[in-house]
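Here's the structure, in structure tokens; my notes come after.
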Amino acid sequence: MLEAQDIRVTRQGRNLLNGVSAVFAPGKVNVIIGPNGAGKSTLLSCLAGLMPTDHGAILLDSDNVAQMEPKLRGRRIGLLPQNGEVNWDVKVRDLVALGRFAHHDIASDADNQAAIISAMTATDCMPFAERTILRLSGGERARVLMARVLAGQPAWLLADEPLANLDPRYQLELLALLRRRAQGGIGVVAVLHDLTLAARNADHVLLMHEGGVFAAGVPDEVMTAANLNAVFGINSEILRDAAGRLVIVSN
Amino acid sequence: MKRKALLLTLLIAAFILSLSAGKTWIAPVNWFADNANGWIIAELRFPRAVLALAIGALLGLSGAVLQGYLRNPLADPTVIGVSSSAALGGVTAIYFGLSIWPYGIFICAMIGAGASVLLLAVMAARGNGVYSFILGGMVLSTLAGSLTAFLISIAANPYAMSEILSWLMGALTDRTVDDAVRAVPFMIIGGALLMTTGRTLDALILGEVGARSIGANIVRLRWIIIAGVGIGVGASVAVSGVVGFVGLIVPHIMRGIYGERPSAILIPSAIGGAILTLTADALVRLAPGAGEIRLGIVMAVLGAPFFFALLLRRGRESGDA
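Each protein sequence line maps, in turn, to chains H and A.
Per our numbering: the first sequence = residues 58 to 308.
Per our numbering: the second sequence = residues -15 to 305.
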């Protein structure tokens, strides 16, 4: 379990999070939605143990994330940051290998190599393993960054807007990948913007509004027209496709 | 491995050139002769060559580390004002008479260099982008230069003034064994600290958030760099004045050969910096006439166009110049 207990974060007099409590289960795709400024990314940073909280605690299987030794935390929680920053034009293989940073001292070279290969295979990155980052398309680059996180074999995978700047096909591929990982037992927590994709892919939805939790639960319960209209200030219609899955149309 | 062997061969060649070249050419067979030639080698050229090697290696390594840390290929101790801050520290020591104590200039130059890296690290942490950071470094460089000029202008006697000026311009002329013995240990300490940064610099490929998320200790990295650059660049400026752009030119060339992974270019940048400085310092002695061209001036003449070319190319690539 990854659990936020009454998290409050204040920065420069602004309440970014005012008392967020949430429980995320392993083996599920947990999705955080909400308008800009609702505190989604802040909450994800707190869950990753990268942002100090002013009140409350993040517990990972009853360990306090904020007090975890950084490398141990790095092994247990993998974070895919927003915007996919990559600073030097390094080889794909070298970038993915960064996912083993926290394992370097404790795992054998063979284990590290095996994890890197397996992560690149799962994300279909092997064909361009020797290419450098600037020579990849946007979709290939997103897969490489995902492979970097997977190479660390984390128990939790946190992703901040992983679908940004991807075309629909790659969006679906990435969501399928997250789904497979969750089925493999990893806990996935992703911040998503597309409501329909969120509704169709989430096992559990956390709807955030103004630094707090507006609603939480399965998509059918949380993503109602009333909730979405109240939080996003839109006029939305909830439809179902032939398979009974949600389609959200906003007017 | 072939490339490393080539680099080391070039380094040895540059070292031999540095010992041999000058107004008097001295072939290796005469290096240990019991005459004036042997004395020139032992007392003048050997300490000078050792200093050139150490300074070049330290500056090349500092450039590679600073660039990796700031994720910016334009960072270099001179460009971002670290060298001029060290120089300000050194001049302050001379002005207040601390240079009477052998280590006075060293300590003050190191404090100047360390403080400027600290200031720049705080600016980088605020994250105002690459160009504002470079601009900040240039303002710092100008400010340190102005304060240095101010100290020179109020210097008590013209002799002190000319001493300061000639030191500032950067040169290895007439450095003695004592100078080498004093400076080199600091540069080894600084260099050793900087050599430990490779893996964390690699983690910063993912940006600061990404690096922290995989367990990299960015705060410790910052203090290691402040100490390493402060001690190393401070000592190099204390002994040779401002020798610029080694840390800009060399890592850039090494990236072309070894790829852009920060840890992969640390040792090559140190070796390359030593080759460049040894060679340049040998060439300045071959200037026609009685005197030498100052090493600092030669490096600036080489480095400034290089910097502009890099700036233009980066501007074109990112479209935000």
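Built from N, CA and C at the ideal position, the CB exists for glycine as well.
Using a beta-carbon distance below 7 Å, is H:L136 in contact with chain A?
Yes, because at least one Cβ of chain A sits closer than 7 Å to the Cβ of H:L136.
Between the alpha carbons of A:G65 and A:A71, how many angstroms are there, rounded?
Approximately 10 Å between the Cα atoms of the pair.
Using a C-beta to C-beta distance shorter than 8 Å, which residues of chain A count as neighbours of H:K148?
What H:K148 touches in chain A: G243, R245.
Counting pairs of Cβ atoms below 8 Å between the stretch 176 to 195 of chain A and the stretch 125 to 138 of chain A, do you hit three or more?
The stretch 176 to 195 of chain A, when compared against the stretch 125 to 138 of chain A, does not touch it at the 8 Å Cβ threshold.
Can you find a CB in chain A that lies within less than 7 Å of the CB of H:N169?
It does not: the Cβ of H:N169 has no partner Cβ on chain A nearer than 7 Å.
From the beta carbon of H:D217, is the nearest beta carbon of chain A less than 7 Å away?
Closer than 7 Å: no.
Rounded to whole angstroms, how far is the Cβ of H:V149 from the Cβ of H:C103, which I believe are closer than 8 Å?
Contact doesn't hold; Cβ gap of about 31 Å is too wide.
Run through the DSSP bridge pairs and tell me what H:R68 is partnered with.
DSSP lists H:R71 as partners of H:R68.
Under 7 Å between beta-carbons, which chain H residues line up against A:A187? List them in chain order, please.
Chain H residues near A:A187: L155, F158.
What is the residue span of the alpha helix (DSSP H) that H:L104 lies within?
It spans 97 to 104 - the alpha helix (DSSP H) in which H:L104 sits, taken as one unbroken run.
Report the neighbours of H:P314 on chain A: residues whose CB is nearer than 7 Å to its CB, in chain order.
One cannot answer for residue 314 of chain H here, as it falls past the ends of chain H, which runs 58 to 308.
Starting from A:R55, find everything on chain H with Cβ-Cβ shorter than 7 Å and list it in chain order.
Near A:R55 (Cβ distances below 7 Å), the residues of chain H are N144.
When you compare each of A:G273, A:A271, A:S69, A:I198 to A:S130 by their alpha carbons, which one comes out closest?
The residue with the shortest Cα to Cα distance from A:S130 is A:S69.
Examine the Cβ distances between the stretch 283 to 299 of chain H and the stretch 112 to 124 of chain H and report whether three or more of them are shorter than 8 Å.
In short, these stretches do not touch, since the Cβ pair count stays below three.
Could you check what DSSP says for H:Q62 in three-state terms: helix, strand or coil?
Looking at H:Q62 - three-state DSSP - the assignment turns out to be strand.
At the level of alpha carbons, what is the spacing between A:G303 and A:Y79?
At A:G303 the pLDDT is 44, less than 50, meaning the model places this residue with poor confidence; the figure from the coordinates comes in the next sentence. Straight-line Cα distance between these residues: approximately 46 Å.
For A:F292, does the count of other Cβ atoms within 10 angstroms reach 16, so buried, or fall short, so exposed?
With fewer than 16 Cβ atoms within 10 Å of its Cβ, A:F292 is classed as exposed.
Given a cut-off of 7 Å, decide if A:M238 and A:I249 are closer than it, judged by their beta-carbon atoms.
Cβ atoms of A:I249 and A:M238: closer than 7 Å.
Short of 8 Å Cβ to Cβ, which residues in the stretch 260 to 278 of chain A face chain H?
So nothing in the stretch comes that close.
Using 7 Å as the threshold, is the C-beta distance between A:L307 and A:G47 below it?
Lying before the first or after the last residue shown, residue 307 of chain A is absent from chain A, which here runs from -15 to 305.
So what does DSSP say about H:R132, is it helix, strand or coil?
Three-state DSSP puts H:R132 in a helix.
What would DSSP say about H:N292, mapped onto helix, strand or coil?
H:N292 falls in the coil class under three-state DSSP.
Would you mind telling me which residues of chain A sit closer than 9 Å to H:L117, beta carbon to beta carbon, in chain order?
Near H:L117 there are no residues of chain A at all, since even the closest Cβ is about 14 Å away, more than 9 Å.
Could you tell me whether the Cβ of A:R196 comes closer than 7 Å to any Cβ of chain H?
Chain H contact via Cβ: present.
Using the Cα positions of H:L193 and H:A186, report the straight-line distance between them to the nearest angstrom.
Distance between the alpha carbons of H:L193 and H:A186 is about 11 Å.
Cβ of A:V193 less than 7 Å from any chain H Cβ?
Yes - at least one Cβ of chain H is within 7 Å of the one on A:V193.
Examine the ligand NAP and report whether any of its heavy atoms sits within less than 6 Å of the Cβ of H:L234.
Ligands are entirely absent from the displayed structure, and the ligand NAP is therefore not among its contents.
Distance check for A:K(-12) and A:W15, CA to CA, integer angstroms please.
Approximately 28 Å, taken between the alpha carbons.
Just checking: is the beta-carbon of H:A105 within a distance shorter than 7 Å of some beta-carbon in chain A?
Judged by the 7 Å Cβ criterion, H:A105 is in contact with chain A.
Which runs of the alpha helix (DSSP H) spanning at least 4 residues fall entirely within the stretch 177 to 262 of chain A, listed in chain order?
Within the stretch 177 to 262 of chain A, the complete alpha helix (DSSP H) runs of at least 4 residues are 182 to 187, 191 to 197, 202 to 224, 230 to 242.
Just how far apart, CA to CA, sit A:P289 and A:V63?
If you take the alpha carbons of A:P289 and A:V63, they lie about 13 Å apart.
Leaving aside the five residues before and after A:A26 along the sequence, list all residues of the same chain whose C-beta is less than 7 Å from its C-beta, in chain order.
Around A:A26: no qualifying Cβ.
Tell me whether A:A140 sits in a helix, a strand or coil according to DSSP, three-state version.
It is coil, neither helix nor strand.
Indicate the three-state DSSP secondary structure (helix, strand or coil) for A:I151 in the structure shown.
In the sequence under discussion, the amino acid at residue 151 of chain A is Trp, which differs from the Ile named in the question. Residue state, collapsed to three classes: helix.
Could you tell me the boundaries of the beta strand (DSSP E) in which H:F271 lies?
Looking at the DSSP string, the run of the beta strand (DSSP E) that includes H:F271 is 269 to 274.
At 4 residues or longer, and completely inside the stretch 63 to 87 of chain A: list those alpha helix (DSSP H) runs for me, N to C.
The qualifying runs are 66 to 79.
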